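Shown next, in structure tokens, is the structure this report addresses.
What follows is the structure in structure tokens.
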């Protein structure tokens, strides 16, 4: 029997078994907020159970929504390139998002990203907390303002504190930087190149703390 919609918390949909595969399967049925009605499917995190680094973005994009996999679109490909430049093994990282469904609005034939609201972030947060608790990363990297503020509070500003390591109860260290999608939205090639270089520099700081 299909579960009814919920206006509460993702915890209502938690499985009995405490494993990433069990949580991924359970999240597929999550209706803790209304985003399941618009998204094609839940996009849960992916990566090894004991990854040293856990990257958190805002939400899946169009390609992620269609494939069911996180960070496989243009922003994900930019992240792959930056990790390679910083000498961080992508296969040893865990990638996920604060919100597990794609929130979008139509613009012609395209589906354009729309920022999740506080209620949607709150409803979905238990999935992220469960992922962090199971992976137990050494460092959590928040990609963009939504992820950073969800983890570090509404007053946190990526523009002021990007690349800094912050102590947290969630992991030994948390670092925030820009989301790769922000780099892709740069107004010209020169700005894009500069922002990508700064992003890679942030990841090189991360690489040093992992050694």
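In the numbering used here, the protein residues as written are 62 to 272.
By construction, the Cβ of each residue, glycine as well, lies at the ideal position given by its N, Cα and C atoms.
Source: prediction; values computed, not measured.
- Item | Pairwise C-alpha distance: residue 93 and residue 73 | Mapped onto the chain shown, residue 73 falls at position 12. Mapped onto the chain shown, residue 93 falls at position 32. If I take the Cα positions, the gap works out to 8 angstroms.
- In DSSP terms, what residue 237 is bridged to: Start at 1 with the first residue of the chain shown, and residue 237 comes out as number 176. 203.
- Under the DSSP definition of a beta bridge, which residues are partnered with residue 173? Taking the chain shown and counting its residues from 1, the one referred to as residue 173 is at position 112. Residue 173 pairs with 166.
- Message: I believe residue 272 touches residue 234 by the beta-carbon criterion, under 8 angstroms. Please report the beta-carbon distance rounded to the nearest angstrom.
- Response: In the chain shown, counting from the first residue as 1, residue 272 sits at position 211. In the chain shown, counting from the first residue as 1, residue 234 sits at position 173. About 13 angstroms separates the two Cβ atoms, so there is no contact after all.
- Message: Is the beta carbon of residue 245 closer than 9 angstroms to that of residue 149?
- Response: For the purposes of this step, residue 149 is taken as residue 88 along the chain shown, with counting starting at 1. For the purposes of this step, residue 245 is taken as residue 184 along the chain shown, with counting starting at 1. Going by C-beta atoms, residue 149 is not nearer than 9 angstroms to residue 245.
- Query: Which of helix, strand or coil does DSSP assign to residue 270?
  - Reply: For the purposes of this step, residue 270 is identified with residue 209 of the chain shown, where counting begins at 1. Residue state, collapsed to three classes: helix.
- Query: In or out: residue 173 buried (at least 16 other Cβ within 10 Å) or exposed?
  - Reply: Position 112 of the chain shown, counted from the first residue, corresponds to residue 173. Residue 173 is exposed by the Cβ-count criterion.
- Query: CB residue 88 to CB residue 71, shorter than 9 angstroms?
  - Reply: Working through the chain shown from its first residue, we reach residue 88 at position 27. Working through the chain shown from its first residue, we reach residue 71 at position 10. Cβ atoms of residue 88 and residue 71: closer than 9 angstroms.
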